[in-house]
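Chemist: Residue numbers (our numbering): 812 to 988.
Take this structure, written in structure tokens, and hold onto it; I'll ask about it next.
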Amino acid sequence: MTSLIGGKRVLKSNKRVSAFGQVDELNVAVGFCLVKLKQINNADLLDLNEVLIKIQNQLFNLGNMLAIDIVSKIKDTPKIDINYVDELEKNINYYNKSLSELNSFVLPGGNELSMRFHLVRVKCRKVERFIVKILDEESIDYIIVKYLNRMSDLFFVLSRYSTYILDDEELTWNPNY
């Protein structure tokens, strides 16, 4: 047994407990990207440190939203809102503007940083799908789904951006290979 914020005792197999545990795993994956950024120490990628640290903090706020008992009267707890989603969208547009237009699906590869960004992207999509399943059964703020959706798109763009900045080849899908 464990407790949700608000004191309700639930099994560790509770879907909310699993959801904020998956968000924690996602946050660890973002941390792996930060570690690699520091190892690379590329001036063109330095601004990503702040972007990723901000996302890590936002993921804690998102996890907090999942950890609160839905009947709890607790107010003024950390949470995400539409401004966080808008910020992700601005980052998507900013990093995407220097990239070539896509005419095919991108195959994960390029370099280790790009691969770490891809891992965050797929983990983010997995968490998003799990939370959508919970929405079928109980009330969760839909902003969580919007945030995770935009976050996964940002990490796709960051995977392409890191390949571009580090001058690696971007591989695209060839259905006739």
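Note that CB positions come from ideal geometry on N, CA and C, so glycine has one too.
Being a predicted model, the structure only gives us computed values, none of them experimental.
What runs of the alpha helix (DSSP H), each 4 residues or longer, lie entirely inside the segment 910-955?
Modeler: 923-946
Chemist: Can you give me the Cβ contacts of H929 inside the same chain, cut-off strictly under 6 angstroms, excluding the 5 residues immediately before and after it?
Modeler: Taking the sequence shown and counting its residues from 1, one reaches residue 929 at position 118. P919, S970, listed in sequence order.
Chemist: In angstroms with no decimal places, state the Cα-to-Cα distance between D947 and L924.
Modeler: Taking the sequence shown and counting its residues from 1, the one referred to as residue 947 is at position 136. Taking the sequence shown and counting its residues from 1, the one referred to as residue 924 is at position 113. C-alpha separation (whole angstroms): 35 angstroms.
Chemist: Could you tell me whether the Cβ atoms of N922 and D979 are closer together than 8 angstroms?
Modeler: If you number the sequence shown from 1, residue 922 lands on position 111. If you number the sequence shown from 1, residue 979 lands on position 168. In this structure, D979 lies closer than 8 angstroms to N922 by Cβ.
Chemist: Please classify R932 as buried or exposed, where buried requires at least 16 other C-beta atoms within 10 Å of its C-beta.
Modeler: Position 121 of the sequence shown, counted from the first residue, corresponds to residue 932. Buried.
Chemist: For the segment 823-841 against the segment 861-877, do three or more pairs of beta-carbon atoms, one drawn from each stretch, fall closer than 8 angstroms, so that the two count as touching?
Modeler: Flag = yes, the segment 823-841 and the segment 861-877 touch.
Chemist: Compute the Euclidean distance between the alpha carbons of M812 and N825, then round it to the nearest angstrom.
Modeler: On the sequence shown, residue 812 is found 1 positions in, with the first residue counted as 1. On the sequence shown, residue 825 is found 14 positions in, with the first residue counted as 1. Computed Cα separation, rounded: 9 angstroms.
Chemist: Leaving out the 5 sequence neighbours to the left and right, which residues in its chain are closer than 7 angstroms to V943 when beta-carbon positions are compared?
Modeler: As a position in the sequence shown, residue 943 is number 132, starting the count at 1. So the qualifying residues of the chain are V956.
Chemist: Is V862 near N902, with beta carbons less than 8 angstroms apart?
Modeler: Against the sequence shown, residue 862 aligns to sequence position 51. Against the sequence shown, residue 902 aligns to sequence position 91. In this structure, N902 lies closer than 8 angstroms to V862 by Cβ.
Chemist: My output table needs one value for T983: the three-state DSSP class, helix, strand or coil.
Modeler: Counting from one through the sequence shown, the residue named residue 983 turns up at place 172. Here T983 sits in strand by DSSP.
Chemist: Which residues share a DSSP beta bridge with I851?
Modeler: Indexing the sequence shown from 1 puts residue 851 at position 40. In the DSSP output, where bridge partners are listed per residue, I851 has none listed.
Chemist: Distance, Cα to Cα, I951 vs Y988?
Modeler: One-based indexing of the sequence shown puts residue 951 at position 140. One-based indexing of the sequence shown puts residue 988 at position 177. The alpha-carbon atoms of I951 and Y988 are separated by roughly 44 angstroms.
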